[in-house]
Amino acid sequence: MDKKIKTRIKNTSSYGRLLEIEVHQETVDETFTSVYAEIQKAATIPGFRRGKAPLDIIKKQHGENAHSEVIDRLVGPSYYQAVDELKLLPMGLPEISEVEVKEGNPLKFKARFDLRPKIVLKKYKSIKLKRRKEQVTDEKISEVLATLRDTHATFNVIEDRGVRTGDLACCDIICCVDDKEVRNIKDSWVLVDKDKYLPEIVSSLIDKKKEEEFSAEATLPNDYPDKILAGKKTRFKLRLKEIKEKVLSPLDDAFAATVGKFKTLGELKDAIRREIETRNEQTARLDVENQLIDALIKNTPFDAPPSLVENHLRRLMEKAKQDLKARGIDEKEIEKRDGELKENLKTTAERQVKAYLLLDEAAKAEGLTVEKAEVDKYIEAVAKSSRKTREEVEKYYEDKELIPQVEHQLLEAKTIELLLGAAEISE
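Residue 40 is where the sequence shown starts when you use the working numbering, and the numbers rise one by one after that.
Take a look at the structure:
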């Protein structure tokens, strides 16, 4: 049953709304009575049988919990009732504030939210797109083969010459900052390649022979993985202990067999060609999808709701920070980049929000929906790829309330597929 409520709405921007809601005292008192009765029935109070403790003691000991429970039971339903009565279409969850609740008084609170934009789709079919087709050249295949040779290389110990580019050098390394030793690293293997290791150390290693001692200096970047050395001018004292030379296998059938289940080098080359073609097709498909989104945004201009953009921007920033942290970048350094990250990701957030809304409108216009069987198929695919049971994956998605997200993801993919099918794609 709907509760007795009073509402007042204010415009805070073109999309923004502030909704003031007041729940009638009678409803509040009834809810308090119900909550206290439930607490009284379950409470164990010393000196009283379960369910027999006086209400005044229950209120004294459990009043705070009761207030929280009343808020939980009334605020959400009252908000959605108000939105329904006023025929509003909010985007996302509201920001609830200034909640006032007390027995014998109305419950009052404020809800801030953005309205869903009224989007009138312009041209969303027969959009002209260009598919970029990249040929798989012999040079591309040779590049992959070179990488494979490098990956499967062996290293032989060298005694009669100095270090060359591409060698592996085993060194003891002492790291000093302000003439103080801060790191003493034994038997560190250095790949002598300026793209793979500190250029200053690599340069100092060239032509050095076994048992030679030498030094190098470098100012390390702020995002250097070793936090003690990050951003510091560091002097490295090195002793060369061993040199190993990289040995590349000849490109023949024997090499192909070591890479995988290939009988000949020709079979390996064919597999590489197919893999590059698949990657090229995926890249071309993504490019066409981006062209489609850009065209939709251009053809139907509108301002994205600020709160939706802000919320999405927050999620993008969290992911970006997690990625930086996974790369070993110090948290303080990540925080310093906060403003830069926000500036770089703001345009992306706005574009993705507009794409979300436009594709949603296109799905409605075309009467597209997602059936339960499609969600089940998705969950089965996740279960198979993660080697879990279907029941485990389904429970996880339900517990995390991710099913609506899956439904939207499937609907968006279906919508893009339909729009690409209706587009005029040239090559």
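Ideal placement from N, C-alpha and C gives every residue a C-beta, glycine not left out.
Is the distance from the Cβ of Gln120 to the Cβ of Ile44 below 9 Å? yes
Residues near Met40 in its chain [Cβ-Cβ closer than 6 Å; skip 5 each side]: Note on Met40: pLDDT 44, under 50, position unreliable in the model; the coordinate value appears next. Counting only Cβ-Cβ distances below 6 Å, and skipping sequence neighbours, we find nothing.
Straight-line Cα distance separating Glu451 from Tyr395: 8 Å
Just grab the DSSP bridge partners of Thr193 for me. Val286
For the putative contact between Val140 and Val67, defined by C-beta atoms under 8 Å, what is the C-beta separation to the nearest angstrom? 7 Å
Kindly give me the distance between the Cβ atoms of Lys16 and Ala323, rounded to whole angstroms, as I take these residues to be in contact under 8 Å. No information on residue 16 is available, as it lies outside the stretch 40 to 466 that the chain covers here.
Which partner residues of Ala402 appear in the DSSP bridge assignment? Answer is none; Ala402 lacks a bridge partner.
Taking buried to mean at least 16 other C-beta atoms within 10 Å of its own C-beta, is Ser136 buried or exposed? exposed
The segment 253-262 touching the segment 270-278, judged by at least three CB pairs closer than 8 Å: yes
Return the first residue and the last residue of the alpha helix (DSSP H) that Ala310 is part of. Leu304 to Asn338
I need the DSSP call for Ile368, collapsed to helix, strand or coil. coil
Outcome for Pro344 when other beta-carbon atoms lying within 10 angstroms are tallied against a minimum of 16: buried
Can you give me the C-alpha to C-alpha distance between Lys393 and Leu160, rounded to a whole angstrom? 12 Å
Out of Leu58, Lys381 and Asn338, which has the shortest C-alpha to C-alpha gap to Lys147? Leu58
To which residues of the same chain is Glu389 closer than 6 Å at the C-beta, ignoring the five residues directly before and after it? Ala343 and Val348
Could you tell me the distance, in whole angstroms, from the CA atom of Arg151 to the CA atom of Leu128? 13 Å
Nearest neighbour of Thr386, chosen from Gly55, Leu352 and Thr51 [CA to CA]: Leu352
Thinking just about the alpha-carbon of each residue, which of Val229, Lys233, Ala296 and Ala192 is nearest to the one in Ser288? Ala192
Under 7 Å Cβ to Cβ from Glu446, same chain only, skipping five residues before and after it: list those, please. Val409 and Val414
Please report the distance separating the alpha-carbon of Val221 from that of Asp211. 14 Å
List, from N- to C-terminal side, the beta strand (DSSP E) runs of 3 residues or more that fit wholly inside the segment 138-177. 146-154 and 167-169
Would you give the residue range spanned by the beta strand (DSSP E) that Phe253 belongs to? Glu252 to Thr258
Rounded C-beta distance between Cys209 and Lys276? I'm assuming under 8 Å. Cys209 to Lys276, Cβ: 15 Å. No contact.
Host beta strand (DSSP E) of Glu220 (start-end): Lys219 to Leu230
Using the three-state DSSP reduction, which class does Arg200 fall into: helix, strand or coil? coil
Leu5: which of Tyr436, Lys126, Asp438 and Ile180 sits nearest, CA to CA? This structure gives no information on residue 5, because the portion of the chain shown stretches from 40 to 466.
CA-to-CA distance, Lys169 to Glu463, given in whole angstroms: 8 Å
Outcome for Ser53 when other beta-carbon atoms lying within 10 angstroms are tallied against a minimum of 16: exposed
Considering only residues of the same chain and omitting the five flanking positions on each side of Ser425, which have a CB-CB separation below 8 Å? Val432
State buried or exposed for Pro133, treating a residue as buried only when at least 16 other CB atoms are found within 10 Å of its CB. buried
Nearest CA to the CA of Asn223: which residue from Gly205, Asp265 and Lys235? Asp265
Helix, strand or coil at Arg355 [DSSP, three-state]: Sequence inspection shows Leu at residue 355; the Arg mentioned does not correspond to that position. Three-state result, Leu355: helix.
Across which residues does DSSP place Lys50 in a beta bridge pair? The sequence shown places Asn at residue 50, not Lys. Per DSSP, Arg56.
What residues are listed by DSSP as bridge partners for Thr273? Ala257
Here's the rule I'm using: 16 or more other beta-carbon atoms within 10 Å means buried, otherwise exposed. How should Ile245 be labelled? exposed
Helix, strand or coil, according to DSSP, for Asp438 in the structure here? helix
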